[in-house]
Amino acid sequence: MAMVNTPDVRQIISELASVATEYYKTKESSCYVFITSLKDLAFFTSNGRAAITWTPEHPNEQTAEVILQQYRRGRPAEDLIPLLISSAGFHFRSMVFAARVIGEFDSPTVQSIVGKVYDRWKQRVSDSTTKRIKEFIVSECKRGVSATREVIDEVEEFLDHTGAVPPLLVCGAFGLVKKIYRDHHEVDVNAPLYRMFNCEYMHTPLEQFGESYDLFRVTEELLVLKRDVQIHVVPDGTKKSTAWFRGLKYPDNLTISTDSLFKTEGKSKIYELTQAGISPSKEKYYSPGKTNHPYVDRVFVTKNTDGRECFVLLQDMVNNDVPKAVHGLNKAGKLLKEQHREMEVLYILNVIGAGPNTTSQQNLNFTYVLIGENELGAFYSAHFAPVARFIRKRNLMGEQKRREQATPA
């Protein structure tokens, strides 16, 4: 039953309890009555006796596999699970809707699933609620600017167990899902937000996810770091405080550039700054995707409200070799600092795959932020952390598969 906690409901619960008791007496077999609500409520009988609270296990990849069983049509589960999670997250109802759509298509994509499932969601999600969902997500991404109680009450029924909005409703709330005709919707596949959820293939890199997350934050005029992210200030590398780094803002109109800020010269592989590193553009987001620079995946220049600028150096996919990543980042930071003495340097390391006891980050020469397993929620918010974790896992599976294929039988 789905109900609200009113006097009538209490009477109904009492009657059902009596039925269950009588059944047990006559049949000598247990009878369970399940009462559900889309809101976090305790239930009572008419005489004030509380119903027992039962919390089911949270949905995960195994849940996705079970839900997909009747919709696979002979297709491998490992091909369909990423599609399901990309479009529905770990929101039970959305997972079921998405699985049904996967069963309808011969070659489903995240775009087709989100568009189709959103058609169904839109029948019961008003424009007002969609607006509230956007307000809720933005406030969560700021962390420190809390959503009003009115907003929270309206979106609560659409949240999963972590407090996250399912991806398809996130896309709808930020205008990625457009009505084409009648109740048919399509998805803007070029939007940064869509690229964050589009992890249907094993090779979808964590770099793409992080890049898209940054560009999404630019469009919403959010700060570089959420207010609950832990910042490690290195006194020898800066005179600035933690509060100063929390005030860093993205430049307006950031565009992707594949230029490298670093290059290697000669057989000894001496690292130097390129022209882009010597005169970096404040409006470019450097994401070269190359390996000939010192362990920096992405770089951009940000500014504090006091006008002082700061290089942000991001390194993704740091696994067990944290010392190597630290060494490379220090090389990059030193080169930039020597050329741009008045600018600050901030490292952001994605260390989901690193061991919990690693201490190599203590050798970093500039202020840094670590994004480990326990920091995903703080850095990405509850709405995006599960996808970051899932992409990371898919990449590990992809790497393992490639190694197996490369190994002679």
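Our numbering numbers the first residue of the sequence shown as 1 and each following residue consecutively. Ideal Cβ positions, reconstructed from N, Cα and C, are used throughout, including at glycine.
Exercise. Which parts of the region 163-239 are runs of the alpha helix (DSSP H), unbroken and 4 residues or longer, counting only runs that do not cross its ends?
Worked result: 167-173, 192-197, 206-219
Exercise. If you draw a straight line from the alpha carbon of N60 to that of L225, how long is it in whole angstroms?
Worked result: Position 60 of the sequence shown, counting from 1, holds the residue named residue 60. Position 225 of the sequence shown, counting from 1, holds the residue named residue 225. One C-alpha to the other measures close to 28 Å.
For this session: Take Q405 and list the residues in its own chain whose beta-carbon comes closer than 6 Å to its own, dropping the five residues that flank it on each side.
Result: Residue mapping note: residue 405 aligns to position 405 of the sequence shown, counting from 1. Counting only Cβ-Cβ distances below 6 Å, and skipping sequence neighbours, we find nothing.
For this session: Determine contact between the region 378-388 and the region 155-170, defined as no fewer than three beta-carbon pairs at a distance below 8 Å.
Result: yes
Problem set entry | Contact belief for I410 with V155 at Cβ below 8 Å, rounded distance in angstroms | Not covered by the structure: residue 410. The range shown for the chain is 1 to 409.
Exercise. DSSP three-state call for A437: helix, strand or coil?
Worked result: Because the chain is modelled from 1 through 409, residue 437 falls outside the range shown and cannot be assessed.
Problem set entry | CA-to-CA distance, E57 to C141, given in whole angstroms | Counting from one through the sequence shown, the residue named residue 141 turns up at place 141. Counting from one through the sequence shown, the residue named residue 57 turns up at place 57. Take the alpha-carbon of C141 and the one of E57: they are about 26 Å apart.
For this session: Please confirm if the region 123-133 is in contact with the region 73-93, defined as three or more CB-CB distances below 8 Å between the two stretches.
Result: Contact between the region 123-133 and the region 73-93 is absent, because fewer than three Cβ pairs lie under 8 Å.
Problem set entry | Contacting residues, own chain, Cβ-Cβ under 6 Å from Y380 (five flanking each side not counted) | Stepping through the sequence shown from its first residue, residue 380 is reached at position 380. These residues qualify, in order along the chain: A388.
For this session: Under the assumption that V326 contacts K337 (Cβ atoms under 8 Å), give the Cβ distance between them as a whole number of angstroms.
Result: Residue 326 sits at position 326 when you count from the first residue of the sequence shown. Residue 337 sits at position 337 when you count from the first residue of the sequence shown. In fact, because the Cβ distance is near 16 Å, the residues do not count as touching under 8 Å.
For this session: Under 8 Å by Cβ, that's how I've got F209 and I391 pegged, so tell me the actual separation to the nearest angstrom.
Result: Here the question's residue 209 lines up with position 209 in the sequence shown. Here the question's residue 391 lines up with position 391 in the sequence shown. About 5 Å; that satisfies the 8 Å criterion.
Exercise. With C-beta atoms as the reference, is S86 less than 7 Å away from F216?
Worked result: As a working mapping, residue 86 is identified with position 86 in the sequence shown. As a working mapping, residue 216 is identified with position 216 in the sequence shown. Taking 7 Å as the Cβ cut-off, S86 and F216 do not qualify as a contacting pair.
Exercise. Going by DSSP, what residues sit across from S257 in a beta bridge?
Worked result: What you label residue 257 is simply residue 257 of the sequence shown in a count that begins at 1. Note: S257 sits in a beta bridge opposite Y286.
Exercise. Exposed or buried, V19, counting other C-beta atoms within 10 Å across all chains shown (16 or more means buried)?
Worked result: Mapped onto the sequence shown, residue 19 falls at position 19. V19 comes out exposed.
For this session: Please name the residue in Y271, P251, G289 whose C-alpha comes closest to that of S281.
Result: Start at 1 with the first residue of the sequence shown, and residue 281 comes out as number 281. The residue with the shortest Cα to Cα distance from S281 is P251.
Exercise. Considering only C-alpha positions, which residue in the set S287, K267, I270 is nearest to D259?
Worked result: Here residue 259 corresponds to residue number 259 of the sequence shown, with the count starting at 1. Considering only alpha carbons, the answer is S287.
Problem set entry | C171 classed as buried or exposed, judged by whether at least 16 other C-beta atoms fall within 10 angstroms | The residue given as residue 171 occupies position 171 in the sequence shown. So C171 counts as buried.
Problem set entry | Backbone CA spacing between I12 and T45 [nearest angstrom] | Within the sequence shown, numbered from 1, the residue matching residue 12 stands at position 12. Within the sequence shown, numbered from 1, the residue matching residue 45 stands at position 45. Distance between the alpha carbons of I12 and T45 is about 8 Å.
Exercise. Which residues in the same chain as V177 place their Cβ atom closer than 6 Å to its Cβ, once the five residues preceding and following it in sequence are excluded?
Worked result: In the sequence shown, residue 177 corresponds to position 177, counting from 1. Only Y118, C171, H185, V187 meet the Cβ criterion.
Exercise. With distances taken from CA atoms, which of Q111, I137, L80 is nearest L222?
Worked result: Mapped onto the sequence shown, residue 222 falls at position 222. Checked all of Q111, I137, L80; the closest Cα to L222 is I137.
Problem set entry | Proximity to D79 [Cα-Cα], best of G237, S107, R227 | Start at 1 with the first residue of the sequence shown, and residue 79 comes out as number 79. Ranked by how close their Cα comes to the Cα of D79, the residues G237, S107, R227 have S107 in first place.
Problem set entry | Top-ranked residue by Cα proximity to N47, from E15, R73, E207 | Taking the first residue of the sequence shown as position 1, residue 47 is located at position 47. The shortest Cα separation from N47 among E15, R73, E207 belongs to E15.
Exercise. What residue range is occupied by the uninterrupted beta strand (DSSP E) comprising C141?
Worked result: In the sequence shown, counting from the first residue as 1, residue 141 sits at position 141. Premise fails: C141 lies in the alpha helix (DSSP H), 127-142, not in any beta strand (DSSP E).
Exercise. Nearest to L314 by alpha carbon, out of V351, S279, R72, E283?
Worked result: Residue mapping note: residue 314 aligns to position 314 of the sequence shown, counting from 1. Taking only the C-alpha atoms, the option nearest L314 is V351.
Exercise. Skipping 5 residues on each side, what residues in its chain have a beta carbon closer than 7 Å to that of F174?
Worked result: Along the sequence shown, read from residue 1 onward, the residue named residue 174 stands at position 174. Excluding positions up to five away in sequence, the list reads K134, L193.
Problem set entry | Closest Cα partner of L168 within the set E207, L83, H232 | Taking the sequence shown and counting its residues from 1, the one referred to as residue 168 is at position 168. A check of alpha carbon separations from L168 across E207, L83, H232 identifies L83 as the nearest.
Exercise. So the alpha helix (DSSP H) T63 belongs to, where does it begin and stop?
Worked result: On the sequence shown, residue 63 is found 63 positions in, with the first residue counted as 1. Per DSSP, T63 belongs to the alpha helix (DSSP H) from 61-68.
Problem set entry | Three-way DSSP call (helix, strand, coil) for V114 in this model | Locating residue 114 in the sequence shown gives position 114, where the first residue counts as 1. If DSSP states are grouped into helix, strand and coil, V114 belongs with the helices.
Exercise. Assuming N365 and V234 make a contact with CB atoms under 8 Å, what is their CB distance in whole Å?
Worked result: Here residue 365 refers to the residue found at position 365 when the sequence shown is read from its first residue. Here residue 234 refers to the residue found at position 234 when the sequence shown is read from its first residue. So it is a contact: roughly 6 Å between Cβ atoms.
Problem set entry | Contacting residues, own chain, Cβ-Cβ under 6 Å from Y71 (five flanking each side not counted) | Taking the first residue of the sequence shown as 1, we reach residue 71 at position 71. Same-chain partners within the cutoff: A99, I102, G103.
Exercise. CB A64 to CB D228, shorter than 7 Å?
Worked result: For this step, residue 64 is matched to residue 64 along the sequence shown. For this step, residue 228 is matched to residue 228 along the sequence shown. Not closer than 7 Å, so no.
Exercise. Can you tell which of T55, A50, L206, D127 has the C-alpha that lies nearest to the C-alpha of I371?
Worked result: Along the sequence shown, read from residue 1 onward, the residue named residue 371 stands at position 371. Minimum Cα distance to I371 is reached at L206.
Problem set entry | Integer-rounded CB distance, given that L261 should sit under 8 Å from T274 | Translated into positions along the sequence shown, residue 274 becomes position 274. Translated into positions along the sequence shown, residue 261 becomes position 261. Rounded, the Cβ-Cβ distance is 6 Å, consistent with contact.
Exercise. Leaving out the 5 sequence neighbours to the left and right, which residues in its chain are closer than 6 Å to E382 when beta-carbon positions are compared?
Worked result: In the sequence shown, counting from the first residue as 1, residue 382 sits at position 382. A small fix is needed here, since residue 382 is Ala in this sequence, not Glu. T162, G163, A164, listed in sequence order.
For this session: Use the C-beta contact count for Y24: other C-beta atoms within 10 angstroms, 16 or more gives buried, fewer gives exposed.
Result: Within the sequence shown, residue 24 is the residue found at index 24, counting from 1. By the neighbour-count definition (other C-beta atoms within 10 Å, threshold 16), Y24 is an exposed residue.
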